[in-house]
Amino acid sequence: MSHKVPFSFIVIIGLMLFALFFGAGNLIFPAMLGQSAGANIWSANAGFLVTGVGLPLLGVLAFGFSGKEDLQSLASRVHPIFGLVFTTVLYLAIGPLFAIPRTGNVSFEIGLKPFISEGSSSIALLIFTIIFFSITCFFSLNPAKIVDIVGKFLTPIKLTFIGILVLVAFIHPIGKFQAPTEKYVTNSFFNGFQEGYLTMDTLASFVFGIIIINAIKEKGAKTKKQIITVCLKATGIAAIILATIYSALSYMGASSVEKLGHLDNGGAVLAKVSNYYFGEYGGVLLGLMITVACLTTSVGLITACSSYFHKLLPSISYKKIAISLSIFSAIIANVGLNQLISFSVPVLTVLYPLAIVLIFLTFLHSLFKGCAEVYQGSLFLTFVVSLVDGLNDFGLHIPGIDQLFTYYLPLYHIGLGWIFPAIIGGLAGYGVNLFKNKEKFTSKSTRLNK
C-alpha cells in the first residue's frame, strides 16, 4: 500500500540530489564558461544549464520511469553486450579516467597552487596527489562515519562561502563584461551546451538515479505515478539550486576578466577571485573546504566504481580494485587539470549523445512498445556521428566524412549533428520491427491454412 510522502522528505531528497551532483569540480566549469563567453554570458549559460542541470535530472527521472534496478539492465534494452560495454565505459569515465583524478586536480589548483612558485608546481602536484589518493584509498577500504559527517557539515559551509563570494561579486563586480573569446562569438548557446558535458553529471545521473528512486520507495511510494511525482518535485528543487549557483558563478567569471585577465582554468578563476575579495586568508579557507569536499567525492566515486568492477569481476577482491583505482587515479591526476579536461572532451563528445538518446528513448519506451530495433537503430546512428565528432575533437579528421556531414547533416556544425540520425535510426528500427512482425504473422497464417 502506498503512503503519502511528506513534503519535508521531498525537500531532503532535493537537497540530496543537489549534493550528489554538485561536486567541487562543478564549481570550475561555470566560472571558466563566464570568462570565455564574456558579453555573451547569458546565452552560453542557458546552453550550459540544459546539459549541466536539465539532462542530469531527466536521467534521474528516467530511472523512476523505467522501473529498472541499475544502469546495465536499462542499457541492456538495446542489447546485453551494449549494456555491459556502455555501463563499463561510463563507470571508467566518471571514475578513474576523468572524474576521480579531477578531484585531486581541482583540490590542488584551488587549495595549494596559488601559494607555491610555478617552478615547483609539478613536484608539488605529485606529492599532493600521492597524499590525497592515499587518504582516499584508506577511507574507501575502511568506510567510516567521519567521511559522511565531514561531508554533511562541509557542504553547507562550502555553499555559504561560495554564496558570499558570488553575492559580493554581484554587488561589487570586479569589472565589466569583456568581448567573448573566438569560440563564443557565434553559437554561444550551443557551445555552452557542449561545455555542460564536462560536468559529467548526465552520465553520473545513471548511477545516482537508482539511489534516489530506492530512497523514495523506502519512504512508502509504491506506484509508478507516485514515484515519478515525488521524483519530479525533488528534481525541481535541485534544479533551482543548481541553476542559481551555476548562473552566479558564470557571472562572476565573466566580470573577472577585465582585471584578472583570461586564466587557464576555472580552479584558477575561483582562487584568484577569492583572493581578490578576501585576501590570502579567504583563499586558504576556500582551498581547505574544496580539498575536503573533493576528498569525500573521491571516496564516494572509488567506492562506487570498486563495487561495480568487483561485481563484474568477482574473482578480484573489492580491496584490490580500490587500491588499483586509487593508484591509477593518482597517476592520471599528474597530467594536470588542463590536460585532463582536454583528454576528456573527445570521450565525452562520444558518450554524451548516447546517454541523452537513451534517456529520451526510456521516456518513449511504451510508445514503441520497447522494441529493441528502435533502441538499436537510434543509438547506432547516434554513435556513428558522435564518434566522428569525438575524433575531430581529438584532432583525427576522417577525409571526406567531416565535409559530407557538414554539408548534408543539419546542426552538425554546432555539435548536434547526431539529433536527426537518432530520430531516423529510431524510425527505421520501428519499421524493421513492423516488417518482422508482419512476416511472422504471414508465416503463421500460412501454416494455419495448411
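First residue of the sequence shown: 2, per the working numbering; consecutive thereafter. Ideal placement from N, C-alpha and C gives every residue a C-beta, glycine not left out.
Once DSSP output is grouped into helix, strand and coil, what is the label at residue i?
i: M201; result: coil
i: T182; result: coil
i: F438; result: The question names Phe, but residue 438 in the sequence shown is Asn. Of the three classes helix, strand and coil, the one that applies to N438 here is helix, per DSSP.
i: V148; result: Note that V148 scores 49 on pLDDT, short of 50, meaning its location in the model is unreliable; the coordinates nonetheless yield the value given after this. In the structure shown, V148 sits in a helix (DSSP, three-state: H, G or I).
i: V375; result: helix
i: E110; result: helix
i: A222; result: coil
i: D390; result: helix
i: E196; result: helix
i: L75; result: helix
i: K321; result: helix
i: H173; result: coil
i: P157; result: helix
i: E281; result: helix
i: D403; result: helix
i: P354; result: helix
i: E70; result: coil
i: S118; result: coil
i: G24; result: coil
i: S275; result: helix
i: H414; result: helix
i: N339; result: helix
i: L397; result: coil
i: G262; result: coil
i: L365; result: coil
i: S248; result: helix
i: S316; result: coil
i: K370; result: coil
Measure the beta-carbon distance from residue i to residue j and round it to whole angstroms, keeping in mind my assumption that it falls under 8 Å.
i: L338; j: V107; result: 7 Å
i: S141; j: A255; result: About 38 Å; that fails the 8 Å criterion.
i: S327; j: F134; result: 5 Å
i: L359; j: A76; result: 7 Å
i: I229; j: K218; result: Not a contact, Cβ separation roughly 12 Å.
i: V54; j: A205; result: Their Cβ separation, rounded to whole angstroms, is 13 Å, which puts V54 and A205 out of contact at 8 Å.
i: L250; j: V169; result: Actually they are not in contact, since the Cβ atoms of L250 and V169 sit about 13 Å apart, beyond 8 Å.
i: V351; j: G396; result: About 15 Å separates the two Cβ atoms, so there is no contact after all.
i: S345; j: F99; result: 4 Å
i: I136; j: I291; result: That belief does not hold up - the Cβ atoms of I136 and I291 are roughly 15 Å apart, past 8 Å.
i: V389; j: F406; result: 6 Å
i: Y252; j: I42; result: 7 Å
Among the options, which has the Cα closest to the Cα of residue i?
i: P97; options: S307, L388, L380; result: S307
i: F190; options: S123, V51, P7, L18; result: V51
i: V258; options: N143, A38, I214; result: A38
i: L85; options: T137, A94, S74; result: S74
i: G430; options: D394, T383, Y376; result: Y376
i: P181; options: I172, A170, F171, G193; result: G193
i: G48; options: M253, E196, T130; result: E196
i: G237; options: P315, F19, K5; result: F19
i: S330; options: Y353, S67, S343, G105; result: G105
i: A40; options: T203, L355, L56, T187; result: T187
i: A423; options: L355, A240, G280, F344; result: L355
i: T130; options: V300, P102, L412, V293; result: P102
i: A294; options: V348, L160, T224; result: L160
i: A235; options: I213, K220, K223; result: I213
i: K320; options: F139, P7, L72; result: F139
i: I95; options: L127, F64, S299, F364; result: S299
i: L56; options: F364, Q404, E183, V389; result: F364
i: F162; options: L286, Y353, L362; result: L286
i: K184; options: S121, A222, M33, S316; result: M33
i: I14; options: N46, L233, L93; result: L233
i: Y278; options: L127, F171, T224, S121; result: F171
i: F8; options: G221, F436, V389; result: G221
i: I303; options: P315, D71, Y92, V79; result: Y92
i: I357; options: D202, W43, I165; result: D202
For the ligand FAD, any of its heavy atoms closer than 6 Å to the Cβ of residue i?
i: L289; result: No copy of the ligand FAD occurs in the structure displayed, which carries no ligand at all.
Problem - Any 3 or more C-beta pairs closer than 8 Å across the region 256-275 and the region 109-129 - result: At 8 Å Cβ cutoff, the stretches touch.
Practice task
Spell out a yes or no on whether the region 370-377 and the region 403-418 are touching, meaning 3 or more CB-CB pairs, one atom from each, closer than 8 Å.
Solution key: The region 370-377 vs the region 403-418: no contact.
Practice task
Assess, as a yes-or-no matter, whether the region 195-214 is touched by the region 45-64 under the definition of 3 or more beta carbon pairs within less than 8 Å.
Solution key: Taking a contact to require three or more Cβ pairs closer than 8 Å, the region 45-64 and the region 195-214 qualify as touching.
Exercise for the section: Indicate whether the contact test is met: 3 or more Cβ pairs, each with one atom in the region 305-320 and one in the region 11-30, closer than 8 Å. Expected result: no
Practice task
Count the C-beta pairs between the region 163-181 and the region 335-355 that are closer than 8 Å, then say yes if the count reaches three, no if not.
Solution key: Contact between the region 163-181 and the region 335-355 is absent, because fewer than three Cβ pairs lie under 8 Å.
Exercise for the section: Kindly confirm or deny that the region 221-240 and the region 381-389 touch, where touching means at least three C-beta pairs closer than 8 Å. Expected result: no
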